[in-house]
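Protein sequences, first through last, are from chains A and B.
The numbering of the first sequence is my numbering, which starts it at 1 and goes up by one.
The numbering of the second sequence is my numbering, which starts it at 1001 and goes up by one.
Heads up, the beta-carbon is just placed ideally off N, CA and C, and yes, glycines get one too.
All remarks here apply to the structure that follows.
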Amino acid sequence: MKIHRTIKYESDCVRGFGRELMSVPGCEQLERCIQCGTCSGVCPLSIYMDYTPRQVMALTRADFKREVLHSHTIWLCASCYACTVECPQEIRITDIMYELKQRAILERVYPRGFPIPVLAREFTAMVRKHGRITEMVLVIRLFLQTSWLAALGNWRLGLDLMRTGRFSLITERIKRRHEIARMFDALDGTKGKGP
Amino acid sequence: MKYSYFPGCSLRGLGRAYEESLLPVMQHLGVELQELDDWNCCGATAYMAVDEAKACVLAARNLALAERSGLHQVMAPCAACYLVLNKTKHYLQDYPAMKAKIDRALAAVDLTYSGNMPVRHPLDILLNDVGLEAIKRRVQRPLKGLKVAPYYGCQIVRPYSTFDDQNNPTSMDRLIEALGATVVRYPLKTKCCGGSLTGTVPRAGIRMVYILLDEARKRGADCLATVCPLCQFNLDAYHADVKSTYGGVALPTVYFTQLMGLAFGLPESQLGLNRAAVRFKWRPAPAGAPPPPSAATPAPVTA
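What follows is the structure, encoded as structure tokens:
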């Protein structure tokens, strides 16, 4: 029998993580969380989560960086905003989930082969390159990088899409693609015109 | 009535039936649409998870293009685009530092955005600018006998509801009634369809789709009506998976614009009805036909 410690120690914290996250625009209200659990109650995905949204709020505020960034919860969030709308303290929980996803991607701590961060990565690469999304190409790239088997399991879906004229691999792109690159460069401060 | 039109990637991809039905319906009602010149992807939910400044600038470029078009409002039919454009507007308003950053990025490509472009959903335009009376006048073939479960999904009512109630939206209910159809009470009308989870975590996504379909079936609906390309796709394309896990719920999901087109008597070939995996086969009686006897039930809807 393999056992592991389930109680968190103070030494598991990364001091300052919560405070720093609460300084991000849109995440300030986390400070006011009263741990009522409304978010977990309305979340349609909390039944699958390793930590419920309420727990993620508490862990974040208490500096348990490793736990929240490694959690499945942030990737299961489907951005339906039910928690954000219902929160009595007006905490923008969905936006906090976005912020945590960003940090998990930045620190490369998301579960390997887990399709959701791969989707985010493929999506953003496609937008940077073409300015638009070609949905079929995105889906195929996602399957190629995560699960061949799942792709094969979806043969019927593929046939349906072909039958109904929705299976298109022609790349959608904008004309002035350089504008996307230039705007992003300006944000990154590499070739920006300055204030 | 003239608006800038931001179709979004989905309406050129899996959701093309939405655009196919939206454009003739709007034209029929005298709503002029001018597609935004060289619009780009709004960023959807995926970009927010990677970099919020970049997500913002993607949306802001579209808002700036809308401003440059000289038209005063932009219509965004896709629920995700509608949310992202509105969210960006709020964000830029609430956080001047972010606004300054985005302004600089836009300036690098000679664009400006003042911060005041109203982003409207077609439902909003139909109810508040066109009006239900004008819509009723166009109905040639009332959808009499059709029972519809109105499904709004998340993103046109949450978190920024500009034209309808957040918990119990009714704009599509009223529209469907104006077309002559019957709206069934559907308390799951704003429950999440699972978004991209159907593809990424099927176990979770398929369950959410099943719950929505099964509830509509239990309440006697002949079809679900939706306002979002991703909701339509999820509720339509995964019936095989739903069937193998939970048992079949063969219920079609249509765009509200397709119902409008049918009621207006527009040619079916213009409405993209053949794009769905689960075909919507119900048809209204032809214009001028005598009303069917009250016992008559609509043709059963089959997969």
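According to the DSSP assignment, B/Q1034 belongs to the beta strand (DSSP E) that extends over 1032-1035. When secondary structure is reduced to three states using DSSP, A/L152 falls in the helix class. Note on B/M1001: under 16 other CB atoms within 10 angstroms of its CB, so exposed under the neighbour-count rule. Taking C-beta separations shorter than 8 Å and ignoring five residues to either side along the sequence, the partners of A/L138 in its chain run L119, E122, F123, M126, following chain order. Per DSSP, B/C1223 is one residue of the beta strand (DSSP E) stretching across 1223-1226.
Under the Cβ distance rule, B/L1197 counts among the residues neighbouring chain A, one pair being separated by less than 7 Å.
For B/T1253, the enclosing beta strand (DSSP E) begins and ends at 1253-1255. Straight across, the Cα-Cα distance linking A/E135 with B/T1226 is about 20 Å. Nearest in C-alpha terms to A/V68, of all of A/T94, A/A104, A/C36, is A/A104. By the rule that beta-carbons nearer than 7 Å mark a contact, B/N1062 does not touch chain A.
Using a Cβ-Cβ cut-off of 7 Å, B/P1252 does not count as an interface residue toward chain A, since no Cβ of chain A sits closer than that to its own.
DSSP places B/V1148 in the uninterrupted beta strand (DSSP E) bounded by 1147-1151. Rounded to the nearest whole angstrom, the CA to CA distance from B/S1010 to B/H1090 is 24 Å. DSSP, read as helix, strand or coil, puts B/S1004 in strand. The three-state secondary structure of B/R1120, taken from DSSP, is strand. The Cβ of B/Y1246 sits no closer than 7 Å to any Cβ of chain A.
Think of a sphere of 7 Å around the beta carbon of A/G131: the chain B residues whose beta carbon falls inside it are N1040, C1041, in chain order. A Cβ of chain B is located within less than 7 Å of the beta carbon of A/F184.
Cβ atoms of B/V1254 and B/C1223 come within 8 Å of each other, at about 6 Å.
DSSP places A/T84 in the helix class (H, G or I) of the three-state scheme.
In the assembly as shown, B/W1039 is a buried residue. Its beta-carbon has 16 or more other beta-carbons within 10 Å. Interface annotation, B/P1159: in contact with chain A, CB-CB separation under 7 Å.
The Cβ neighbour count for A/R32, taken over all protein chains shown within 10 Å, is under 16; the residue is labelled exposed. At least one beta carbon of chain B lies nearer than 7 Å to the beta carbon of A/F123. Neighbourhood of B/K1054 in chain A, by CB distance below 7 Å: F184, L187, in chain order. For B/A1225, not one C-beta of chain A is nearer than 7 Å to its own C-beta.
Contact annotation: B/A1105 and A/A186 have beta-carbon atoms nearer than 7 Å.
In the DSSP assignment, A/F184 falls within the alpha helix (DSSP H) that extends over 177-188. Between A/V14 and the set A/G37, A/F64, A/P53, A/H4, the nearest pair of CA atoms involves A/F64. Annotation: the stretch 1191-1232 of chain B contains the following complete segments of the beta strand (DSSP E) (minimum length 3 residues), in chain order: 1223-1226. In this structure, the straight-line span from the alpha carbon of A/L76 to that of A/C83 is close to 14 Å. For A/S40 and A/L100, the gap between their C-alpha atoms comes out near 17 Å.
Flagged as an interface residue toward chain A: B/R1104, by a C-beta distance shorter than 7 Å. Separation of B/R1279 and B/P1267 (C-alpha to C-alpha, rounded to the nearest whole angstrom) is 17 Å. For A/L152, no chain B residue has a Cβ inside 9 Å of its Cβ, as the nearest lies near 14 Å away.
Residues of the stretch 1160-1172 of chain B whose Cβ lies closer than 7 Å to any Cβ of chain A, in chain order: Q1166.
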